[in-house]
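**Q** In order, the protein sequence lines correspond to chains A and B. Count along the first sequence from 1, then add 28; that gives the number in our numbering. Count along the second sequence from 1, then add 45; that gives the number in our numbering. Using N, Cα and C, we set each Cβ at its ideal position, and we do this for glycine too. Here the structure is a predicted model, which is why all the values come from computation and not from measurement.
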Amino acid sequence: MAIKVLAVDDEASVLQLVTVKLKKAGFEVISARDGDEAVTRALNEKPNVVLLDVMMPKLDGFTAAARIKAEVNPPPLVLMLTAKGETADISRAFASGADDYVTKPFSPRELIERIKVGLIRAGWSPADV
Amino acid sequence: MGAHVAQRGPSRVTSFPLLLDSLVEAVLLVDASGRIVRGNQRFLQWFAVSPARLRRQPLDCLGPLLSSELGVDTWDWMRAVLADPYAQRTVDVVQRLPETRELELYSAPLGADGAYAGRLYLFRDVTREREAVRLKDQFVSTVSHELRTPLTAIQGFIELILDGDAGPINDEVREYLGVVRDNTERLITLVNDLLDVSRLEAGSLQMPFEPVSLTGILEEVARTLRPGIEAKHQSLTLIIDPALPPVRGNPERLTQVVTNLLSNASKYTPPEGAIAVAAACTGAYVQVTVRDTGIGIAASDMPKLFTRFFRADHPVVRQVGGTGLGLFIARSIVDLHGGRLFAESQPGVGSTFGFTIPVDQAPAGTVEHASDIRATAAMMGPGQLVMPSTARTEERCDGDQSARGG
Numbered sequence: 029m030a031i032k033v034l035a036v037d038d039e040a041s042v043l044q045l046v047t048v049k050l051k052k053a054g055f056e057v058i059s060a061r062d063g064d065e066a067v068t069r070a071l072n073e074k075p076n077v078v079l080l081d082v083m084m085p086k087l088d089g090f091t092a093a094a095r096i097k098a099e100v101n102p103p104p105l106v107l108m109l110t111a112k113g114e115t116a117d118i119s120r121a122f123a124s125g126a127d128d129y130v131t132k133p134f135s136p137r138e139l140i141e142r143i144k145v146g147l148i149r150a151g152w153s154p155a156d157v
Numbered sequence: 046m047g048a049h050v051a052q053r054g055p056s057r058v059t060s061f062p063l064l065l066d067s068l069v070e071a072v073l074l075v076d077a078s079g080r081i082v083r084g085n086q087r088f089l090q091w092f093a094v095s096p097a098r099l100r101r102q103p104l105d106c107l108g109p110l111l112s113s114e115l116g117v118d119t120w121d122w123m124r125a126v127l128a129d130p131y132a133q134r135t136v137d138v139v140q141r142l143p144e145t146r147e148l149e150l151y152s153a154p155l156g157a158d159g160a161y162a163g164r165l166y167l168f169r170d171v172t173r174e175r176e177a178v179r180l181k182d183q184f185v186s187t188v189s190h191e192l193r194t195p196l197t198a199i200q201g202f203i204e205l206i207l208d209g210d211a212g213p214i215n216d217e218v219r220e221y222l223g224v225v226r227d228n229t230e231r232l233i234t235l236v237n238d239l240l241d242v243s244r245l246e247a248g249s250l251q252m253p254f255e256p257v258s259l260t261g262i263l264e265e266v267a268r269t270l271r272p273g274i275e276a277k278h279q280s281l282t283l284i285i286d287p288a289l290p291p292v293r294g295n296p297e298r299l300t301q302v303v304t305n306l307l308s309n310a311s312k313y314t315p316p317e318g319a320i321a322v323a324a325a326c327t328g329a330y331v332q333v334t335v336r337d338t339g340i341g342i343a344a345s346d347m348p349k350l351f352t353r354f355f356r357a358d359h360p361v362v363r364q365v366g367g368t369g370l371g372l373f374i375a376r377s378i379v380d381l382h383g384g385r386l387f388a389e390s391q392p393g394v395g396s397t398f399g400f401t402i403p404v405d406q407a408p409a410g411t412v413e414h415a416s417d418i419r420a421t422a423a424m425m426g427p428g429q430l431v432m433p434s435t436a437r438t439e440e441r442c443d444g445d446q447s448a449r450g451g
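Here's what the structure looks like:
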């Protein structure tokens, strides 16, 4: 069974980039364009991984991360896509319950590696990721 | 400042209140015994007090008023400087009532021929200045965010294609995409550097300090840059004192400084050259040096080395892409740490860049007053910030201090 990833970004080009790379890497991908939609889809479809942009309309990434971690059972692995590595942003990401972050512009290859490492750390077998 | 005016002949004295009342700043004068001599018109207006309430009254009678409008901290600050005949300081203050104002409060002793005659308090309204700085910072942040989003897509899709995710590509396409990728990286560096410069100038660079191992940072940066250095057939050696104590700093920003110095060393050193990184403790500081056998820097360029957008007029420098912001940012970061960035060079022989960072102090009892740090910052201006001397306590290294000195 493929690992399901929910990718969330309000920028179509970034969402397309992430979606293409995840599919090439063998993940099943669903997507959302804002924080509200992200929470709804996460609750309904219980993804294993959620990639969340920080600056989004309706509900920002930090708030969405906190709600997803609190309300989705079992809680998925959450990675934030932040703007440049501002320490305050990074602290806020972890405070919201995120497991990891990558800063924009990010390397798609590195993003995949971070997802895999995160899944293994969360107890997945390396053979499955 | 006002001291000389106050101490001269009678005709000057009669015009003195007029002069004070014409100022855009609010002024309060106190004599050596702590009694109020005068508040100018602006002071009476801003703090809504009558002249009768001030005349010959002790400064303490303004305590309740100033504590409620400017905060207890500011009032304590005003009393503390009154007790010190030599204190000449500046502090940022926010007045809440009767209307919100951002003020810069400056205080200096008044006196002639070394006699302490009293004290000046001068409140300058900096509300508009501060707002302008905030708007500029916000503008730059927004612009750089808006630039970063398309750059994320451009850089990501180039990597995707180069990684073969979209199928095989021929060598010519690979070469051209490599050029696009390199230039995209340049653009990203420029956006990041401009954002850093803007924040340094606005004083809004976020840089929380913690105990940091420079050994870890040096090894990490060397690991990251080593492939590129070896690709140029340059040698890279690290000589790090095994007993290096932790410093007090921000790990991301210190990593940025080390990365800048080491990548510069590689960029401006010909193939087969040698780069040596050393770290040792010198008293209350850890000193890091990066030495190369590169093109060097002309003596006439040395004074301009750390200024914004400076690029030496040298064929290699023109060939190597760069913004001229890296060393300016590095020096500002080191300054904000209370350290010093320095350079020595001999054209055609090589350069040594180095910096010092204060050793992390024992947590015992030394509390840094944020207002003191701000006060120093306001006086020194951005990029010139030095930590107050109280922040450098007697925490020193275990090693031989006598030989190296401080």
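What residues in the stretch 51-80 of chain A bring their beta carbon closer than 8 Å to a beta carbon of chain B?
**A** 52
**Q** Would you kindly report the start and end of the unbroken alpha helix (DSSP H) that includes residue 261(B)?
**A** Under the DSSP assignment, residue 261(B) falls in the alpha helix (DSSP H) whose first and last residues are 259-276.
**Q** Is the stretch 80-87 of chain B close to the stretch 62-71 of chain B, with three or more CB pairs under 8 Å?
**A** Below 8 Å, enough C-beta pairs join the stretch 80-87 of chain B and the stretch 62-71 of chain B to call them touching: three or more.
**Q** Within 10 angstroms of its Cβ, does residue 326(B) collect 16 or more other Cβ (buried), or is it exposed?
**A** buried
**Q** Using CA coordinates, which residue listed in 109(A), 66(A), 118(A) is at the minimum distance from residue 97(A)?
**A** 66(A)
**Q** When you compare the stretch 304-312 of chain B with the stretch 284-295 of chain B, are there three or more beta-carbon pairs, one atom per stretch, that lie closer than 8 Å?
**A** no
**Q** Can you check whether the C-beta of residue 48(A) is within less than 8 Å of a C-beta belonging to chain B?
**A** yes
**Q** Quick one: what does DSSP say residue 364(B) is sitting in, helix, strand or coil?
**A** helix
**Q** Report yes or no: is there a C-beta of chain B within less than 8 Å of the C-beta of residue 145(A)?
**A** no
**Q** Could you tell me how far apart the beta carbons of residue 153(B) and residue 165(B) are, in whole angstroms, since I believe they sit closer than 8 Å?
**A** 5 Å
**Q** Just checking my contact of residue 120(B) with residue 111(B) at CB under 8 Å: how many whole Å lie between their CB atoms?
**A** Between residue 120(B) and residue 111(B) a beta carbon distance of about 5 Å is seen, short of the 8 Å cut, so the two are scored as contacting.
**Q** Kindly say whether residue 382(B), judged by its beta-carbon, lies nearer than 8 Å to any beta-carbon of chain A.
**A** no
**Q** With a cut-off of 8 Å, does the C-beta of residue 83(A) fall near any C-beta of chain B?
**A** yes
**Q** Tell whether a beta-carbon distance below 8 Å holds between residue 337(B) and residue 314(B).
**A** yes
**Q** Give, in chain order, every unbroken run of the alpha helix (DSSP H) that is at least 4 residues long and sits entirely within the stretch 299-377 of chain B.
**A** 360-364
**Q** Whole alpha helix (DSSP H) runs in the stretch 111-149 of chain A with 4 or more residues, listed along the chain?
**A** Counting whole runs of 4 or more residues, the stretch 111-149 of chain A contains the alpha helix (DSSP H) stretches 115-123, 136-149.
**Q** Check the Cβ of residue 233(B) against every Cβ in chain A and list those closer than 7 Å, keeping chain order.
**A** Chain A residues near residue 233(B): 133.
**Q** Does the structure place the stretch 130-142 of chain A close enough to the stretch 200-216 of chain B that three or more beta carbon pairs sit under 8 Å?
**A** yes
**Q** Does the contact criterion of 3 or more C-beta pairs under 8 Å hold for the stretch 82-93 of chain A versus the stretch 53-73 of chain A?
**A** yes
**Q** Between which residues of its own chain and residue 125(A) is the CB-CB distance below 6 Å, once the five residues before and five after are set aside?
**A** 93, 94, 97
**Q** By DSSP's criteria, residue 42(B) is part of a beta bridge. Which residues make up the other side?
**A** Residue 42(B) is absent from the model: chain B starts at 46 and stops at 451.
**Q** Buried or exposed: which applies to residue 159(B), given that a residue is buried once 16 or more other Cβ atoms fall within 10 Å of its Cβ?
**A** exposed
**Q** Leaving out five residues on either side along the sequence, give the residues of the same chain with a beta carbon under 6 Å from the beta carbon of residue 262(B).
**A** For residue 262(B), where only same-chain residues beyond five positions count, the Cβ hits under 6 Å are 299, 300, 303.
**Q** Quick one: grab the DSSP three-state call for residue 87(A).
**A** coil
**Q** Anyone know if the C-beta pair for residue 155(B) and residue 79(B) falls short of 8 Å?
**A** no
**Q** Do residue 146(B) and residue 140(B) count as a contact pair if the criterion is CB distance below 8 Å?
**A** yes
**Q** Check the Cβ of residue 39(A) against every Cβ in chain B and list those closer than 7 Å, keeping chain order.
**A** Neighbours of residue 39(A) in chain B, taken as residues whose beta carbon is under 7 Å from its own, are 194 in chain order.
**Q** Give the residues of chain B in contact with residue 42(A), contact being defined as C-beta atoms less than 8 Å apart.
**A** 194, 197, 198, 201
**Q** Three or more beta-carbon pairs under 8 Å between the stretch 244-256 of chain B and the stretch 265-283 of chain B, yes or no?
**A** no
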